[in-house]
Structures are given as structure tokens and as C-alpha cells.
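2 protein chains.
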Amino acid sequence: MLELGGARLVLTHDMLVEGVHFLASDPPGDVAWKLVAVNLSDLAAKGARPVGALLGYSLGESDWDSAFARGLREVLEAFGVPLLGGDTVLMPEGRAFGLTAIGEAQERVPSRSGAESGDGLWVTGTIGDAMLGHALLAEGRHGPASLIAAYRRPQPRLSEGAALAPVVHAMMDVSDGLLLDALRMAEASGCSVDVDSASLPFSADFDAAGGDRRAALAWGDDYELLFAAPPGFEPPVPATQVGRFGPPGEPLLRLDGAPVPPSERLGWEHR
Amino acid sequence: MLELGGARLVLTHDMLVEGVHFLASDPPGDVAWKLVAVNLSDLAAKGARPVGALLGYSLGESDWDSAFARGLREVLEAFGVPLLGGDTVLMPEGRAFGLTAIGEAQERVPSRSGAESGDGLWVTGTIGDAMLGHALLAEGRHGPASLIAAYRRPQPRLSEGAALAPVVHAMMDVSDGLLLDALRMAEASGCSVDVDSASLPFSADFDAAGGDRRAALAWGDDYELLFAAPPGFEPPVPATQVGRFGPPGEPLLRLDGAPVPPSERLGWEHR
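Quick mapping for you: the protein sequence lines, in order, are chains A and B. Residues 75 to 345, numbered by our numbering, are exactly what the first sequence covers, in order. Residues 75 to 345, numbered by our numbering, are exactly what the second sequence covers, in order.
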């Protein structure tokens, strides 16, 4: 957060690397979409309105670059974000893209460290759709377009974030898995957290396609908003209470009251 | 340029790619310095005061990363720029870094397109030192530390840019070679430009080390400020008039009144 002449700025920079965050065979327009969407999701978690973006782009094959440029235009138009500049480079091997998004914050800018013992843990939308979309694509199976779209063209929760920012205690986006991100919020806030698996929101398409609910808790890419709010909270946007914060103490994270075994993968740790 | 609340923001994003903009064998602290300095130089050309930076960083060998981090701290402290955030990634091959610099602009933000026929072409400081520093390093020769420093640790002309911004017609930094950048300013302004080679400023170290003055015109990395100002201009900072803008018409660029043959390399075209 940067205060400058009456303006309150939120800035975010995320990179996508070929072979790590996307494959050369992925549709270029979707790579562009995701690059922008993940950054806008960071702004959403701060309740900020996007006002511009800068792109760092490594050139490749010209058809790929053109398709990327079309996807970039689509996503920037979809969310009303002007491209203000950037840099274009040639890389000897592989490719990497960086995007900086600039947002204008409201009076209150929630952090991930404001949760209090007794607060509820909430999440917007549904989780797991992106995981299932990824699995369908990886296995070449057919499936609902909503699941593919959730993976390839995630929707940053900008309006939800703007509505929640003034009233929540803590907020972040679910990018690395709900369990891992809930643990991070608890750690940053000096609390513990207990996630209630029965209350987790899944889409009808997720269940119809036979999605694994436990696996979805440890998979990222949801880009929903995870937030802490006091008891009795009535959310101004569709959201579900999925747990509760407690006092500090080991274990910091419980699932249905029981410690999560350290051997279990909580989410996407390294990206 | 982005107006937000009462603030006028200038944003810039430049990348450095291993094998293109730096070598794995370069001192990591100098790579960090240059990454920041080239971006601050862009702010200087807009007369903007740096207020923060975001880093996109691809991890490598841990000693290298530590030395980079030390150099990063040095350059950010030298110019009083807080690091606001960023992203860290692993890349399968090679490395690339991106830096976003945020600046607060003054009332007037010069562009490269404001030069007028009759204006003088001016440059701050001296040119060619970075070229010679690079040559000394590449050939393993000894030479003045000032030349090595000019190449490895360029100084963005922030105070000069701030002083010039309110009073010049057009401004940019010399990053790709004085001739090429002068041509770009002329093109953007709908003018021609004639560079006077006899008036070009070279350092005593440059001449003592036998630097090639013609070659220095087509070599980048000077990070001095190039600007257009009306006849009779008295610069508020040390600067030298090195040419004059004329009416549009071919050739757009002359050196000592003569067209520059198209076969001649003007500067660093692709980076």
C-alpha cells in the first residue's frame, strides 16, 4: 500500500513462467487472461479498483504472440484496465511474463493478518472447479465448460472484494489452496483456524463431474476471496462460512477439529 | 502517466534477461543495480520522483541470490526507493528479472514528442563511458574505475530530470545510443535532427583511455538525459547542446549536416 497525494495505491506483480505456470501448448489467450486475472485477484483481496497494468513480455513465435495479444486485450477490456506500458525482451530459452497491476484502494485495506479468535472463516463462490477443469484438460476428458473456464479464465472477485474490504477483519485470495491459505491467514493473525469440511461450497458441476472434495482443499487456482469476519457477520456478497478462528496454539490448522497430518499436502507451496 | 486522486504517477517496467542483458558471470550486485537504475532512469526522463518498486525475480544459486539481494538493497537505499513487493519464481532454464518503478510526477511531464523545429538538442553529463567500461571488462584490460562504474552502476539522472522537466520541450534517457535516441525523438516530434559531433561531451577518462568517439554515439547504456529546448536555453543543470532540430523531411537524422548511411549501426535496436 502506497499513499501518494491523496491517493491510496495497491500494487501487485506476478509472473508466469513457461513449463512452471503454463505450458507452451496452452492457448496463448488463456495464458494472457490468467496473467492478468491472478494480479487483479490480488487487488480484489485488498478491495482495490484496478486502474492500470504494465506488462513484461518475452517474445516468441509470432502466431503465439498475436493470440496472446488478443487474449490480453480481452481480459483488460473485460475488467476495464488500461495497459500503461511495459517491456518486451527476447529470451534465449523459455519464456516468462510479468504483470504489474495498479489499484486504487478504499479507506480500508484489509491485510491477511487481522483475523481474531472467534472470527468466522469465509469464502466467496465455490472451490475446486479449477482443479477439476485442469484434470479434464490433462486427461483429455469432456466435461462442463464452466470447469474448464474456471481453470483457464478465472474471474477475479473485484466487486466482491470492494464490498467486503470495509467490513472484514482480514482478507486474501485463494491461490494456493484453501487449507494452505487459511493456515497462512491464521499464522499472520496469531490465531489458529479450524476448517469445517461439511460446509465447503462446491458447484453443481463439480459434484456432477465427480470432483474429489478433499483434494480440492489442497489445490490452488480458485481465486475466490477468503476472509475473516466477526461472529454474526452477514456478508454483503454471496459467501459461505467454512470455519472458525481460535486462539493461538498447536496445531494452527485443524480440519473438522482434528490436526491435519504434516505429511498431507496442504496446497501449492512453491510457485 | 496516470492521474489518481491528486497524484500524478509515472510507471515503468524493464526486464533484464540472462544471456541478453547480463551474463551469469556478471557480479550479481551490479545486475541488481542496473535493473533498478535503468528503471529509475525512465522516471528521471519524466521528471518524476521514485516512490517505490516491485521486483519479479527468478531464483537461482543461493550465493548468487544473496549477492543480488545485497546489491538490490544498496541501489534502493542509494536512491531512497522502498521495495513494495513482487514475485519470486523458479524458471526451468535461464533467468529473467523484471522491475516496476513507480514515480510521482511534477505538474509537467515531458514526453519525447515535444521537440520543435529550431530547438536545440541537449544531453546531460558525458557519453561513451559505459561503452568503454564494457570494452575494458570484455577484454580483461585495466582502466579507470569511473568507466567500469559507468557500465556496471549507472547513475539515473533523477535530480537533473526533476530540474529539467518543467522547462524542456521533450526529454528521454539515452539508453540505446545517442544517435538512435535522437532520431526517435525527432520522429516522435515530427522534426528532423542534426547532431554536431564536435560538440559531444566526453569525459577526460574516456579520451585518456583512447575511446572511439564515433562508436560511442551508437552505443547505449549512457543513461544520460537527452532533451529538446528552445533557442537561447540556459540549462539549470550541467548539460551540453549537441545538435539542433529542423523541419520534417528526409533524412530525419544528420550527423554534421550529412545523412547517416542506412548501413551504419545507429544504436542498440533490439533488446
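For glycine and all other residues, C-beta sits at the position ideal for the given N, C-alpha and C. Predicted model only: the values in this text are computed from it and were never measured.
Determine the contact status of residue i and residue j, defining contact as a CB-CB distance below 7 Å.
i       : j       : result
A119(A) : D247(A) : yes
Y225(B) : F171(B) : no
P124(B) : G199(B) : no
G121(A) : A236(A) : yes
T86(A)  : T174(B) : no
A244(B) : A332(B) : no
S267(A) : L327(A) : For the sequence presented, residue 267(A) should be read as Val rather than Ser. Yes.
A189(B) : S263(B) : yes
G154(B) : W107(B) : no
S271(B) : D203(B) : no
M205(B) : A260(B) : no
G158(B) : G126(B) : One detail in the question is off: residue 158(B) reads as Leu in this sequence, not Gly. Closer than 7 Å, so yes.
Q180(B) : A111(B) : no
G323(B) : G168(A) : no
G103(A) : A141(A) : yes
S187(B) : D279(B) : no
L195(A) : A256(A) : yes
N113(B) : D88(B)  : yes
With a cut-off of 7 Å, does the C-beta of residue i fall near any C-beta of chain A?
i       : result
L117(B) : no
G130(B) : yes
D88(B)  : yes
P166(B) : yes
E151(B) : no
E178(B) : yes
A122(B) : no
L18(B)  : There is no way to answer for residue 18(B), as the model of chain B reaches only from 75 to 345.
L76(B)  : yes
D295(B) : no
G217(B) : no
Is there a Cβ from chain B that is less than 7 Å from the Cβ of residue i?
i       : result
T314(A) : no
G126(A) : yes
L232(A) : no
D161(A) : yes
A239(A) : no
V91(A)  : yes
T174(A) : yes
G80(A)  : yes
L158(A) : yes
A98(A)  : no
A170(A) : yes
Per DSSP, which residues does residue i bridge with? Please list them.
i       : result
S266(B) : G320(B)
E92(A)  : F96(A)
G194(B) : A303(B), R318(B)
M75(A)  : Answer by DSSP bridge pairing: none, since M75(A) is not bridged.
D247(B) : L299(B)
L329(B) : V269(B), A332(B)
L117(B) : L117(B) is not bridged to any residue.
D161(B) : G130(B)
M177(A) : Inspection of the sequence shows that residue 177(A) is occupied by Gly rather than by Met. V84(A), P124(A).
A170(A) : V91(A)
Within its chain, find whatever has a CB closer than 6 Å to the CB of residue i; leave out the 5 residues flanking it on each side and keep chain order.
i       : result
V69(A)  : In this structure chain A extends from 75 to 345, so residue 69(A) is not present and cannot be described.
L83(A)  : L76
D116(B) : T86
H208(B) : Y225
L232(A) : A118
P228(A) : A111, Y297
With a threshold of 8 Å on Cβ separation, who are the neighbours of residue i within its own chain once the five nearest residues in sequence on each side are excluded?
i       : result
P275(B) : V197, G199, T200, I201, T314, V316
P218(B) : D279, A282, A283
H216(A) : L210
Looking only at its own chain, which residues have a Cβ that is under 7 Å from the Cβ of residue i, when we skip the five neighbours before and after it?
i       : result
G160(B) : L128, L129, G130, Y131
S185(B) : A244
Does the Cβ of residue i have 16 or more other Cβ atoms within 10 Å, making it buried, or fewer, making it exposed?
i       : result
L164(B) : exposed
P335(A) : exposed
G79(A)  : exposed
D193(B) : buried
A212(B) : exposed
H344(A) : Residue placement at H344(A) is flagged as unreliable, the pLDDT there being 45, under the threshold of 50; a coordinate-derived value is accordingly withheld.
L97(B)  : exposed
D281(A) : exposed
H95(B)  : buried
G214(B) : exposed
G306(A) : exposed
Say the cut is 6 Å; is the CB of residue i nearer than that to a heavy atom of the ligand ADP?
i       : result
A262(A) : Among the components modelled here there is no ligand, and therefore nothing to report on the ligand ADP.
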